[in-house]
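One point on numbering: in UniProt numbering, the residue at position 279 of the sequence shown is 279, and numbering is uninterrupted. We treat Cβ as the ideally placed atom computed from N, Cα and C, and that holds for glycine.
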Amino acid sequence: MAPNVMVSLPVVDLALQPSVVATAIRHACESRGFFYVTNHGVPREAVDAMFHAAREFFSLPVHLKQTVLQDHNNRGWTPMGEETLDPSSSKRGDSKEGYYIGREAEEDEIGLPLRGANNWPDEEKLGLVNWRRVMEAYHDEMSSLARRLMPVFAEALGLEKNFFDEHFRRPTALLRPLHYAASESSPDEGVFAAGAHSDYGVLTILAVDAEAPGLEIQEANGSWTPVAGGTSGGFCVNIGDLCERWTNGRFRSTVHRVVTKQCQGERWSAAFFWEPEFDVVVTPIVREGEKPHYEPCKYGDYILGKYAATHEGFKDS
């Protein structure tokens, strides 16, 4: 099937009136589930510093990166090819590496699944400068942006603005800088930079260095549409499976993938996954006259199952 014509995603200006922003987000979430946000308040310096730090780490020799391999708390480095997002179509692991950085757990959370201390690199031994400080600062910026977006999502759904607050007091908030190899994807041969998948959580906030191409979204007929780069300085936001479930299917979690070309060089991005507290029970938000399309689920059980299906390190957990 020939590729579709490249599309531009909706751009939502967060500086506009709240009701206008909520309407724009509702339209975007009910269609493709992807949109860009501008005037988001995140300093460009924080984004640039994060990408600089990511490049420094991913450029290290493998034996040094192995000192911070992903641990049982889902923190640390995931090697090139470790993750296979689309096992049914992929002949090998995705051609990317990443690094999971979470919210620092509070004392009573230590030892609980997916919660604990971050797996930070030894900056002196690895020759990194202020790496932890830069990543923590960017994580804080993304958390602030996500907390700014959630009341807008509530308004877009016709709910009280504080509806989601109690579910995100101690969120599962993961930052994942990503480095894609300068390699040629071949979907027909099962070779992907990131295989077809939908994100697991509520929302994802993505920064792409230099607006590199590669993101494709799947249409209802199964075809793939490449996505044009966004507005300079903007973030790409997309809906995850848990949000689709929570909204009873009203907001759409769209399957997407990353397909790269060797001639375009390496691709650098950073995904921030915003998800609720581990023990939250997600019950579909049902409109008047509507029946629930999903059963309530405990977020923690749900997300552990998702990781076990796609990450080698979780399959025996």
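Where residue i falls, given that 16 or more other Cβ within 10 Å makes a residue buried
| i | result |
| --- | --- |
| Asn-221 | exposed |
| Ser-88 | exposed |
| His-139 | buried |
| Ile-25 | buried |
| Pro-18 | exposed |
| Arg-115 | buried |
| Arg-245 | buried |
| Asp-122 | exposed |
| Pro-177 | buried |
| Val-37 | buried |
| Lys-125 | exposed |
| Glu-141 | buried |
| His-40 | buried |
| Arg-44 | exposed |
| Arg-32 | buried |
| Gly-214 | buried |
| Ala-28 | buried |
CB of residue i within 8 Å of CB of residue j, strictly
| i | j | result |
| --- | --- | --- |
| Met-135 | Ala-53 | yes |
| Met-80 | Ala-181 | yes |
| Val-282 | Tyr-299 | yes |
| Ser-90 | Phe-192 | yes |
| Phe-34 | Thr-254 | yes |
| Gly-249 | Asp-199 | no |
| Val-152 | Val-21 | yes |
| Ala-194 | Lys-96 | yes |
| Ala-15 | Ala-137 | no |
| Ala-117 | Glu-104 | yes |
Assumed close pair residue i, residue j - CB separation to whole angstroms, cut-off 8 Å
| i | j | result |
| --- | --- | --- |
| Gly-93 | Thr-84 | 5 Å |
| Leu-145 | Val-42 | 6 Å |
| Thr-204 | Val-258 | So it is not a contact: roughly 13 Å between Cβ atoms. |
| Ala-196 | Val-7 | Not really, about 17 Å apart at Cβ, beyond 8 Å. |
| His-256 | Ile-217 | 5 Å |
| Leu-304 | Glu-275 | That pair is no contact at about 12 Å. |
Alpha carbon of residue i to alpha carbon of residue j, nearest angstrom
| i | j | result |
| --- | --- | --- |
| Arg-252 | Asp-71 | 31 Å |
| Val-12 | Gly-158 | 19 Å |
| Arg-170 | Glu-277 | 6 Å |
| Ser-185 | Arg-267 | 12 Å |
| Thr-78 | Ile-101 | 11 Å |
| Lys-261 | Phe-58 | 20 Å |
| residue 345 | His-63 | Not covered by the structure: residue 345. The range shown for the chain is 1 to 317. |
| Leu-128 | Glu-56 | 7 Å |
| Pro-284 | Leu-112 | 26 Å |
| Glu-109 | Asp-188 | 45 Å |
| Leu-174 | Arg-75 | 9 Å |
| Val-202 | Asn-73 | 20 Å |
| Gly-233 | Arg-147 | 19 Å |
| Gln-66 | Thr-23 | 46 Å |
| His-179 | Gly-289 | 46 Å |
| Glu-219 | Asn-130 | 42 Å |
| Val-68 | Ser-223 | 38 Å |
| Phe-235 | Glu-295 | 32 Å |
| Met-150 | Arg-133 | 26 Å |
| Arg-119 | Asp-301 | Reading off the sequence, residue 119 comes out as Asn, not Arg. For Asn-119 and Asp-301, the distance between alpha carbons rounds to 23 Å. |
| Phe-164 | Ala-154 | 7 Å |
| residue 386 | Thr-231 | The requested residue 386 is not part of the displayed model; the chain covers only 1 to 317. |
| Phe-51 | Asp-209 | 7 Å |
| Leu-60 | Gln-264 | 22 Å |
| Ser-317 | Ser-143 | Reliability of the predicted coordinates at Ser-317 is poor, the pLDDT of 47 falling under 50, and no value is obtained from them. |
| Asp-86 | Gly-190 | 9 Å |
| Thr-247 | Cys-297 | 13 Å |
| Glu-82 | Ser-183 | 16 Å |
| Lys-161 | Val-286 | 17 Å |
| His-293 | Glu-30 | 16 Å |
| Asp-48 | Lys-291 | 46 Å |
| Thr-225 | Ala-309 | 26 Å |
Residue-chain proximity (residue i, chain C), Cβ-Cβ < 8 Å
| i | result |
| --- | --- |
| Phe-273 | As a matter of chain content, chain C is missing from the structure shown, which is built from one protein chain. |
Residue i: CB within 7 Å of a non-hydrogen atom of the ligand SAH
| i | result |
| --- | --- |
| Val-62 | Annotation note on the ligand SAH: not contained in the displayed structure, which lists no ligands. |
Enumerated in chain order, which unbroken segments of the beta strand (DSSP E) with a length of 3 residues or greater are wholly contained in the UniProt domain "Fe2OG dioxygenase" (170-276)?
Qualifying beta strand (DSSP E) stretches, in chain order: 172-180, 194-197, 203-208, 215-218, 224-226, 235-239, 256-258, 267-275.
Unbroken beta strand (DSSP E) runs of length 3 or more, entirely within the segment 7-41: which are they?
Listed in chain order, the complete beta strand (DSSP E) runs (minimum 3 residues) inside the segment 7-41 are 11-13, 34-38.
Jot down the residue ranges of each uninterrupted alpha helix (DSSP H) in the UniProt region "Disordered" (73-96), minimum 4 residues, whole runs only, in chain order.
Entirely contained in the UniProt region "Disordered" (73-96), not one alpha helix (DSSP H) run reaches 4 residues.
Taking only runs of the beta strand (DSSP E) that begin and end inside the segment 39-73, which ones reach a length of at least 3 residues, in chain order?
Annotation note: the segment 39-73 contains no uninterrupted beta strand (DSSP E) run of length 3 or greater.
Give, in chain order, every unbroken run of the beta strand (DSSP E) that is at least 3 residues long and sits entirely within the segment 84-165.
The segment 84-165 contains, as complete beta strand (DSSP E) runs of 3+ residues, the segments 96-102 (chain order).
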